[in-house]
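Number of protein chains: 2
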Amino acid sequence: MSEKYAIGVDLGGTNLRVALVSESGKIIRKLKKRSSEQIVDALADSIVEIRHADRICGIGLGVAGLIDRKNSRVLASPNLPAIGGTDAVGELRRRLKMPVFIENDANAAALGERMIGAGRDFENFVLLTLGTGIGSGIIHRGRVLEVPAELGHMSINFEAEKCPCGNTGCLENYASARAMIARAVSMLEKGAESLLKECCKGSFYKLTPEDIYGAALDGDNLSREILKDAGRYLGVGLANIINVLGPEAIILAGGLTGAWNIYVQEAIREASRRAFKDLFDGVKIIPSSLEDNAGIIGAACLVFSNLPEPLPSKY
Amino acid sequence: MSEKYAIGVDLGGTNLRVALVSESGKIIRKLKKRSSEQIVDALADSIVEIRHADRICGIGLGVAGLIDRKNSRVLASPNLPAIGGTDAVGELRRRLKMPVFIENDANAAALGERMIGAGRDFENFVLLTLGTGIGSGIIHRGRVLEVPAELGHMSINFEAEKCPCGNTGCLENYASARAMIARAVSMLEKGAESLLKECCKGSFYKLTPEDIYGAALDGDNLSREILKDAGRYLGVGLANIINVLGPEAIILAGGLTGAWNIYVQEAIREASRRAFKDLFDGVKIIPSSLEDNAGIIGAACLVFSNLPEPLPSKY
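Line by line, the protein sequences give chains A and B. Take 2 as the starting number for the first sequence in this note's numbering and just add one per residue. Take 2 as the starting number for the second sequence in this note's numbering and just add one per residue.
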């Protein structure tokens, strides 16, 4: 049987990424644009631009935000307000005459890992995307668990500062890249000694997580401390996930996994101290294999996983 | 068609409760014993004692602890060490020649609420049992979500004292009856003024949550403060549950729901401040309708929910 194709769209934040993806997970073409206020127009244009092959079965949208699955709508998308409340799915269906599916971007990425990535061997796992923020998707019995799964906005410190989401002490405020940078800037402004001073030449706001990891590898104490502390907080989150969901695996994706040896190792150690032993012993904590492409491949997988089963060959 | 029966067993802690339950949720007979070291013997004896009706389809065990569903075993049961690691299910099957099913006790209670209690109208809900500890069960798409669901052992304060489970700052350590009593005792020992002094005549360790609620209703400030603070902590947990699982309902069971007007109301207020607004607006927070019997009825429901579908009537 000839291979099928779908268009995967990753609407994670400021960028709009669109790809033509084969059922085996190969990216045929890919494009990236800045997202705009006219988000549905931008989407439709990009899809038409990339729609090249025959046998395109549909379009999958992975959107950073809360999804109302029953009505295929985005309830709220803090980083992408233009799409909140719109009927993007209905619009695209009408304009492009194709099936359109929508999911939260991290849930879509989890589906991608499940179908053709690091989650292939697991029926039950959690994907965490560790970047500027912390996104998450849950796979249960081989399928996306249709819950909000906002694990980054689980409070791990009820008395802390407010998170923009409204909650207080969210995991994301302790273990994300944004949290690490904020802490580094604050320490540097207070005059802390660190190699980081040189690498950003005094303009602290240009610091990246890569700078911190690089300095840590060069023996910088402040950088090591920041990475280890963020790792410990991530470990608190992992232990909560393990105690509540008891997954077979936790798959970690996103830029911060580059600092695996310090940040993730510390998180695993902390989780091992905190989670129920029997549950911790049953979980593998491993890196994503689709990496940056998990979002678009996963979005395309929304289409493939919703295709009707092929008829048995005798028909 | 004549009604079916099952035996429900609730192994929640120091007591062993066994009931003969009809498919419509009626308790026909019920008995309560102290659990013993020879837990399987005690179970088998109680079941034989109560097995009265014909048409008993099987036995359901709800056990406070981590369940290995694949092997029908109890991995760990902190309050009931005698059952940890035993093959109670296999033993009972052999001795009593009947189907035997096992679940975590709070998951079983959630199933009971789903089949014939306050959860009948909800496909997706979380049950919390608020007593000495905090247990929890998750219903997803009308069925028990097969995860550990130890929401009481989710850390909401990573820097706090250690919980006996190994984690730190668990919800249970802030919002359970045990937590409230511990706080009351500590305050009274420090000489705090309170009506509670009289009601336990100086032996603080006999205090009950009912004493605290009673004193609060009589205008006692310390008691009100303890209930409200515990409620706020419960609200932190509710917000985490809402952000992660986005249920249609959270059903609250257990003795502490008697203090609904202070403790639960405060929890709902706190959750409304913290959770994503769209998700909070979609959740109903309501009391259990099976109350104390949720455990045994739910355990019996494990049997009913596993019965094969009846054949269509033409057969």
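For every residue, glycine included, the Cβ atom is placed at its ideal position computed from N, Cα and C.
| Query | Result |
| --- | --- |
| Can you look up residue 34 of chain B in the DSSP assignment and give me helix, strand or coil? | strand |
| Go ahead and label residue 5 of chain B buried or exposed: buried means 16 or more other beta carbons lie within 10 angstroms of its beta carbon, across all protein chains shown. | buried |
| For the alpha helix (DSSP H) holding residue 187 of chain B, just list the boundary residues, first then last. | 178-190 |
| Identify, in the order they occur along the chain, each residue of the same chain with its Cβ nearer than 7 angstroms to the Cβ of residue 212 of chain B, setting aside the five sequence neighbours on each side. | 197, 200 and 201 |
| So, is the C-beta of residue 169 of chain A closer than 8 angstroms to a C-beta in chain B? | yes |
| Just to check my reading of the structure: residue 299 of chain A and residue 109 of chain A have Cβ atoms closer than 8 angstroms, yes? What is that Cβ distance to the nearest angstrom? | 4 angstroms |
| Would a C-beta distance cut-off of 8 angstroms place residue 247 of chain B and residue 148 of chain A closer than the cut-off? | yes |
| Could you spell out the range, first to last residue, of the alpha helix (DSSP H) harbouring residue 242 of chain A? | 222-246 |
| Can you name the residues of chain B whose CB is closer than 7 angstroms to the CB of residue 205 of chain A? | Correct list: empty, because the minimum Cβ distance to chain B is about 27 angstroms. |
| Would DSSP call residue 19 of chain B helix, strand or coil? | strand |
| Quick one: is residue 111 of chain A near chain C, going by C-beta distance under 8 angstroms? | Although the question refers to chain C, the structure presented lacks it and instead comprises the protein chains A and B. |
| Alpha carbon to alpha carbon, how far is residue 235 of chain B from residue 189 of chain B? | 23 angstroms |
| Residue 156 of chain A versus chain B: which residues are under 8 angstroms apart at the beta carbon? | 157, 237, 240, 241 and 275 |
| List, in chain order, every chain A residue whose beta-carbon is nearer than 8 angstroms to that of residue 1 of chain B. | In the structure as shown, chain B starts at 2 and stops at 316, and residue 1 of chain B therefore has no counterpart that could be examined. |
| Against chain B, does residue 72 of chain A count as a neighbour if the rule is that its beta carbon must be under 8 angstroms from one of theirs? | no |
| Between residue 46 of chain A and residue 293 of chain B, what straight-line distance do the alpha-carbon atoms span, to the nearest angstrom? | 59 angstroms |
| Examine the Cβ distances between the segment 175-195 of chain B and the segment 127-139 of chain B and report whether three or more of them are shorter than 8 angstroms. | yes |
| Where does residue 107 of chain A fall in DSSP's three states? | helix |
| Whole angstroms is fine: what's the gap from residue 318 of chain A's alpha carbon to residue 273 of chain A's? | Nothing about residue 318 of chain A can be reported from this structure: the residues present for chain A run from 2 to 316 only. |
| Can you tell me which residues form a DSSP beta bridge with residue 286 of chain A? | A:251 |
| Might you give, ordered along the chain, the residues of its own chain that have their beta carbon closer than 6 angstroms to the beta carbon of residue 105 of chain B, omitting 5 neighbours on each side? | 68 |
| Would you mind sorting residue 158 of chain B into buried or exposed? The rule is 16 or more other CB atoms within 10 Å of its CB. | buried |
| At a Cβ cut of 9 angstroms, what residues of the segment 121-150 of chain A count as close to chain B, listed as they run along the chain? | 125, 137, 139, 141, 142, 146, 147, 148, 149 and 150 |
| Who pairs with residue 171 of chain B in a beta bridge, going by DSSP? | B:156 |
| By the three-class DSSP mapping on this structure, what secondary structure does residue 258 of chain B have? | helix |
| Indicate whether residue 114 of chain B and residue 306 of chain B have their beta-carbon atoms separated by less than 8 angstroms. | no |
| In the segment 242-257 of chain A, which residues sit with their C-beta less than 7 angstroms from some C-beta in chain B, listed in chain order? | 244, 245, 246 and 247 |
| For residue 315 of chain B, does the count of other Cβ atoms within 10 angstroms reach 16, so buried, or fall short, so exposed? | Reliability of the predicted coordinates at residue 315 of chain B is poor, the pLDDT of 48 falling under 50, and the value obtained from them is presented with this limitation in mind. It counts as exposed. |
| Just to confirm the assignment, what range does the beta strand (DSSP E) spanning residue 7 of chain B have? | 6-12 |
| Can you tell me which of B:160, B:230 and B:224 puts its alpha carbon nearest to the alpha carbon of residue 194 of chain B? | B:224 |
| Give me, in chain order, the residues of the same chain whose beta-carbon lies closer than 6 angstroms to that of residue 73 of chain A; leave out the 5 immediate sequence neighbours on both sides. | 90 and 103 |
| Residue range of the beta strand (DSSP E) that residue 1 of chain A falls in? | The first residue shown for chain A is 2 and the last is 316, placing residue 1 of chain A beyond what the model contains. |
| Alpha carbon to alpha carbon, how far is residue 119 of chain A from residue 78 of chain A? | 27 angstroms |
| Shorter than 7 angstroms, the distance from the beta carbon of residue 126 of chain A to the closest heavy atom of the ligand HEM, or not? | You won't find the ligand HEM in this model; it holds no ligand whatsoever. |
| List, in chain order, every chain A residue whose beta-carbon is nearer than 8 angstroms to that of residue 302 of chain B. | Simply none; closest approach about 21 angstroms. |
| Answer yes or no: does any C-beta atom of chain B fall closer than 8 angstroms to that of residue 183 of chain A? | no |
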